[in-house]
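Those sequence lines, one after another, are chains V and Z.
Following our numbering from start to finish, the first sequence increments by one per residue and tops out at 151.
Following our numbering from start to finish, the second sequence increments by one per residue and tops out at 253.
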Amino acid sequence: MTHDLASIRAILAQVADPEIPVVSVVDLGIVREVGVRHVAITPTYSGCPATHVIEADIRKALDAAGYQDVQIETRLAPPWTTEWITLEGRDKLKAYGIAPPDRRTYASCPQCGSDNTEELSRFGSTPCKALWRCRQCLEPFDRFKCH
Amino acid sequence: MERALYDYLLRRGDDSLILSQRLSEWCGHAPTIEVDLSLANLGLDLLGQATLFLDYAASMNADVHNADALAFHRDAAEFRNCLLVEQPNGDFAQTIVRQFLYSTWQKMLFDRLAFSKDPTVAAIAAKAVKEISYHADLSADWMIRLGGGTDESNRRLKAGVEWMWRLVPELLVADEIDNELITKDIAPDPASFETDFMTKIAEVFAEAGLDVSPLPRNFASGRRGYHSEHLGHLLCTMQYLPRAYPDAQW
Ligand SMILES: [Zn+2]
Numbered sequence: 005m006t007h008d009l010a011s012i013r014a015i016l017a018q019v020a021d022p023e024i025p026v027v028s029v030v031d032l033g034i035v036r037e038v039g040v041r042h043v044a045i046t047p048t049y050s051g052c053p054a055t056h057v058i059e060a061d062i063r064k065a066l067d068a069a070g071y072q073d074v075q076i077e078t079r080l081a082p083p084w085t086t087e088w089i090t091l092e093g094r095d096k097l098k099a100y101g102i103a104p105p106d107r108r109t110y111a112s113c114p115q116c117g118s119d120n121t122e123e124l125s126r127f128g129s130t131p132c133k134a135l136w137r138c139r140q141c142l143e144p145f146d147r148f149k150c151h
Numbered sequence: 004m005e006r007a008l009y010d011y012l013l014r015r016g017d018d019s020l021i022l023s024q025r026l027s028e029w030c031g032h033a034p035t036i037e038v039d040l041s042l043a044n045l046g047l048d049l050l051g052q053a054t055l056f057l058d059y060a061a062s063m064n065a066d067v068h069n070a071d072a073l074a075f076h077r078d079a080a081e082f083r084n085c086l087l088v089e090q091p092n093g094d095f096a097q098t099i100v101r102q103f104l105y106s107t108w109q110k111m112l113f114d115r116l117a118f119s120k121d122p123t124v125a126a127i128a129a130k131a132v133k134e135i136s137y138h139a140d141l142s143a144d145w146m147i148r149l150g151g152g153t154d155e156s157n158r159r160l161k162a163g164v165e166w167m168w169r170l171v172p173e174l175l176v177a178d179e180i181d182n183e184l185i186t187k188d189i190a191p192d193p194a195s196f197e198t199d200f201m202t203k204i205a206e207v208f209a210e211a212g213l214d215v216s217p218l219p220r221n222f223a224s225g226r227r228g229y230h231s232e233h234l235g236h237l238l239c240t241m242q243y244l245p246r247a248y249p250d251a252q253w
């Protein structure tokens with residue numbers, strides 16, 4: 005079959021992150037390079053348990069579309085950064101109730117939008133998130149850590 | 004096989020692996036849920052680093068299949084971690100002291116290792132150092148909180164320092180394996196950041212109300228496989244399943 009970059013990209017854009025299923029592996033910047041013969045991915049954190057699941061999910065999606073001969077390569081350098089999360093990915097995170105990563109010292113509450121918030125713990129439900137609380141609506145929320 | 008590089012990878016991988024296993028012992032037992040999550044996440048970061056280093060080491064040794072083979076099928080005398088990381092958790096203060104001393108040192112080491120002439124080592128270090136900065140910050144915060152907390156927390160913190168301090172000098176010595184890699188610009192000389200390290204320790208100790216004792220002479224040689232009694236017990240737990248059921252699958 006012919007290998008067409010656009011359709012490989014489209015397949016990857018459908019592969020959801022296993023821990024935050026509203027965003028795709030492309031939204032998160034995990035996919036670093038797409039070729040007709042290979043796809044390069046990068047782990048978020050060294051110990052992120054989702055890394056293996058992500059690779060398996062991409063493999064499954066490519067195989068199902070007939071791209072069994074497209075190799076998946078894991079690349080460590082340059083290290084993943086939250087800067088690589090796409091604008092679309094940021095919007096999806098926010099809509100899902102996770103404050104997207106940014107360089108500000110405070111976070112805006114994804115429920116009510118208030119900036120009157122506080123960090124409860126720098127480690128949240130997954131390695132990439134911190135636990136915050138809104139002082140306005142009192143709801144706790146996850147904030148994607150700048151990394 | 005390049006013997007020196009192989010040994011160096013084991014040293015890096017084993018430090019991370021053993022400290023990770025220690026931290027995982029806190030899972031479900033930490034004083035608060037936030038601390039429980041923090042320690043588990045630190046352990047996870049360290050486990051990821053260990054996997055990367057040990058997989059790289061395994062790729063150089065035809066007798067070893069992968070990181071798991073190195074983690075689960077070596078005996079205590081074949082481990083190359085420093086004695087600091089294998090020390091028992093003790094109480095929360097003792098765990099924090101161990102973490103603070105190790106993460107502060109590891110951060111400075113990896114800052115430099117990220118510029119290693121070996122591209123794989125450089126890539127692993129550059130990735131890991133972002134995570135280690137968190138570990139160093141978190142443990143420094145807790146040092147200060149425990150030091151300035153109650154008489155009880157201060158007493159426990161001092162006891163933790165008392166236990167761990169004698170194991171710091173091992174982090175700062177270089178042997179012939181380090182020296183070979185230092186010459187090749189693959190690894191940094193620990194002496195090159197000893198002053199920075201001691202300055203940082205002094206800064207945090209001062210804020211925590213602790214005195215800095217002079218460093219004793221190094222007696223430890225975990226890097227050559229001479230370990231404390233604690234490592235064997237740790238390995239019993241960590242290695243039990245893959246050894247008892249070699250074909251077990253997740
Ligand atoms: Zn709110």
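All C-beta atoms in this analysis are idealised placements derived from N, C-alpha and C, irrespective of residue type, glycine included.
Pull up the CB-CB distance for residue i and residue j, whole angstroms please, since I reckon it's below 8 angstroms.
i        : j        : result
Z/Leu50  : Z/Trp29  : About 14 angstroms separates the two Cβ atoms, so there is no contact after all.
Z/Gly163 : Z/Val100 : 4 angstroms
Z/Phe113 : Z/Ala139 : 10 angstroms between Cβ atoms; not a contact.
Z/Phe103 : Z/Val207 : 7 angstroms
Z/Arg226 : Z/Arg77  : Wrong, their Cβ atoms sit about 14 angstroms apart, outside the cutoff.
Z/Asp188 : Z/Lys120 : 4 angstroms
Z/Ile147 : Z/Glu210 : 5 angstroms
V/Val57  : V/His7   : In fact, because the Cβ distance is near 25 angstroms, the residues do not count as touching under 8 angstroms.
V/Thr121 : V/Pro105 : That pair is no contact at about 15 angstroms.
V/Gln140 : V/Ser118 : 4 angstroms
Looking at C-alpha atoms only, which residue of the options is the closest neighbour of residue i?
i        : options                                   : result
Z/Ile204 : Z/Tyr105, Z/Gly235, Z/Asp154 and Z/Asp58  : Z/Tyr105
Z/Glu5   : Z/Tyr59, Z/Ser19 and Z/Ala33              : Z/Tyr59
V/Leu142 : V/Glu123, V/Cys150 and V/His151           : V/Glu123
V/Leu9   : V/Leu66, V/His56 and V/Val26              : V/Leu66
V/Phe145 : V/Thr130, V/His151 and V/Cys113           : V/Cys113
Z/Ile127 : Z/Leu213, Z/Gly16, Z/Gly151 and Z/Val215  : Z/Gly16
Z/Leu279 : Z/Ser156, Z/Asn221, Z/Thr153 and Z/Thr202 : Given a span of 4 to 253 for chain Z in the structure shown, any question on residue 279 of chain Z remains unanswerable.
Z/Ala125 : V/Gln18, V/Ala81, V/Ile15 and V/Asp119    : V/Ala81
V/Asp73  : V/Asp95, V/Cys138, V/His42 and V/Gly51    : V/His42
Z/Thr123 : Z/Phe95, Z/Tyr243, Z/Leu55 and Z/Gln252   : Z/Leu55
Z/Met201 : Z/Asp192, Z/Gly212, Z/Thr186 and Z/Pro217 : Z/Pro217
V/His151 : V/Asp95, V/Ile102, V/Cys138 and V/Ile89   : V/Ile89
Quick one: Cα of residue i to Cα of residue j, how far?
i        : j        : result
Z/Gln97  : V/Cys132 : 27 angstroms
Z/Arg25  : Z/Gly31  : 13 angstroms
Z/Leu141 : Z/Phe75  : 30 angstroms
V/Gly93  : V/Trp136 : 20 angstroms
Z/Asp66  : Z/Ala117 : 28 angstroms
V/Ala69  : V/Ala20  : 16 angstroms
V/Tyr100 : V/Val26  : 7 angstroms
V/Arg108 : V/Cys116 : 18 angstroms
V/Ala60  : Z/Met241 : 26 angstroms
Z/Ala194 : V/Arg63  : 46 angstroms
V/Tyr2   : Z/Asp48  : The question about residue 2 of chain V has no answer here: the residues shown for chain V are numbered 5 through 151.
Z/Pro249 : V/Gly128 : 34 angstroms
V/Ala54  : Z/Ala247 : 27 angstroms
Z/Asp154 : Z/Lys161 : 11 angstroms
V/Ala111 : V/Phe148 : 10 angstroms
V/Ala14  : Z/Thr107 : 44 angstroms
Z/Val176 : Z/Cys239 : 29 angstroms
V/Leu97  : V/Leu91  : 10 angstroms
Z/Asn157 : Z/Gly93  : 15 angstroms
Z/Glu81  : Z/Gly228 : 6 angstroms
Z/Asn69  : Z/Ala53  : 12 angstroms
Z/Ala223 : Z/Ala129 : 28 angstroms
Using a Cβ-Cβ cutoff of less than 7 angstroms, which residues in the same chain neighbour residue i once the five nearest sequence positions on both sides are dropped?
i        : result
V/Ala44  : Arg36, Glu37, Glu77 and Arg79
Z/Tyr11  : Ile180, Leu184 and Ala190
Z/Pro219 : Arg169 and Pro172
Z/Ala143 : Phe103 and Val207
Z/Asp18  : Asn84, Cys85 and Val88
Z/Ala7   : Ile180, Glu183 and Leu184
Tell me, which residues are paired with residue i by DSSP?
i        : result
Z/Tyr229 : Z/Ser224
V/His42  : V/Gln75
V/Pro82  : Answer is none; V/Pro82 lacks a bridge partner.
V/Glu123 : V/Trp136
V/Arg147 : V/Ala103 and V/Ala134
V/Ser28  : V/Ala20
V/Val35  : V/Ile45
Among the residues of its own chain, which have a CB less than 8 angstroms from the CB of residue i, if the five just before and after it don't count?
i        : result
Z/Gly235 : Ala79
Z/Ala72  : Ala61
Z/Leu237 : Ile21, Gln24, Arg25 and Glu89
Short of 6 angstroms in beta carbon distance, which residues of its chain neighbour residue i, apart from the five on each side in sequence? Order them along the chain.
i        : result
Z/Phe196 : Met111
V/Trp84  : Thr46 and Thr48
V/Thr130 : Glu23
Z/Tyr9   : Ala60 and Met63
Z/His230 : Ala79
Z/Gln109 : Ile135
V/Ile12  : Val38
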